[in-house]
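Sequential numbering from 533 applies to the sequence shown in my numbering. Backbone N, C-alpha and C define an ideal beta-carbon position, used for all residues, glycine too.
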Amino acid sequence: MSFNKMFSFLRDLQKNNNKEWMDANRNEYEAVRDWYKSWLNELDADLGKVDPNYHSTEGKRAINRINNNLLYHPNKSTYKDHFGAGLDLSDNGKQGDFYIHLGVNGSFIAGGFYKPKKEVLDSIRDAIDYNGKELKKILSNESFINTFGNLIDDGDSLKTSPKGYPKDHKYIDLLNRKTFAVQHNVTQKEIMQDDFKDVCVEIYKEMLPFRKYLNKAVTV
Numbered sequence: 533m534s535f536n537k538m539f540s541f542l543r544d545l546q547k548n549n550n551k552e553w554m555d556a557n558r559n560e561y562e563a564v565r566d567w568y569k570s571w572l573n574e575l576d577a578d579l580g581k582v583d584p585n586y587h588s589t590e591g592k593r594a595i596n597r598i599n600n601n602l603l604y605h606p607n608k609s610t611y612k613d614h615f616g617a618g619l620d621l622s623d624n625g626k627q628g629d630f631y632i633h634l635g636v637n638g639s640f641i642a643g644g645f646y647k648p649k650k651e652v653l654d655s656i657r658d659a660i661d662y663n664g665k666e667l668k669k670i671l672s673n674e675s676f677i678n679t680f681g682n683l684i685d686d687g688d689s690l691k692t693s694p695k696g697y698p699k700d701h702k703y704i705d706l707l708n709r710k711t712f713a714v715q716h717n718v719t720q721k722e723i724m725q726d727d728f729k730d731v732c733v734e735i736y737k738e739m740l741p742f743r744k745y746l747n748k749a750v751t752v
């Protein structure tokens, strides 16, 4: 089994996105899924070696369901066109995960908080108000910029300052945001390489100061 098999399966699923096809090809899906779980277990072990505070996350817990939630999103296809997995999951669920998204229409590695709930967003804004200088320093690091560019733009930032913060706040550009996450795109060619697991580890290390800042903000 390999990532080549994974993408081959996803391409076939994209062309035949229905329960009848999935039922007929469930053995192939389960073989790909179980192989990916094993690969994630190996990555999980490697991440634990570079971060003493890493929360070990087995592949079976990390991997997301391939079924779309049609109850809340009835217009979506029955199945996703990608495999998603979240690592470094805390037991209390109060931190952003290290997310790997491998799909036929694009693949990326991301982390942080994408459109979090109000209480989480409020905590992040409190941290920025108290010590936005630290976050600015992380975001302006040359290596960080080369890896992630800017924060993900969800197109939903406030037009004015959040309640309780002045419009001329020193960090108003950050306070107005509703998403605090970064993303590094990867190609299928990169994923097929033998060192892709090492690439994930390096991206994790580059993202770590950013995620630590946010996780501290929502847990302290």
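- CA-CA distance, residue 537 to residue 556, rounds to 17 Å.
- Residue burial is scored here from C-beta neighbours: residue 575 has at least 16 other C-beta atoms within 10 angstroms and is therefore classed as buried.
- Around the beta carbon of residue 709, 16 or more other beta carbons lie within 10 angstroms, which makes this residue buried.
- Judged by pairs of C-beta atoms under 8 Å, the stretch 647 to 657 does not touch the stretch 725 to 741, as fewer than three such pairs exist.
- When rounded, the separation of the alpha-carbon atoms in residue 551 and residue 610 is 7 Å.
- Contact annotation, residue 535 with residue 739: C-beta distance approximately 21 Å; criterion of less than 8 Å not satisfied.
- In the assembly as shown, residue 543 is an exposed residue. Its beta-carbon has fewer than 16 other beta-carbons within 10 Å.
- For residue 633, the number of other beta carbons within 10 angstroms of its own is at least 16, and it is reported as buried.
- In the structure shown, residue 714 falls within a strand segment according to DSSP collapsed to helix, strand and coil.
- Residue pairing for residue 641: DSSP places it in a beta bridge opposite 632, 716.
- For residue 583, same chain residues with a beta-carbon under 7 Å away, outside a window of 5 residues either side, are 740 in chain order.
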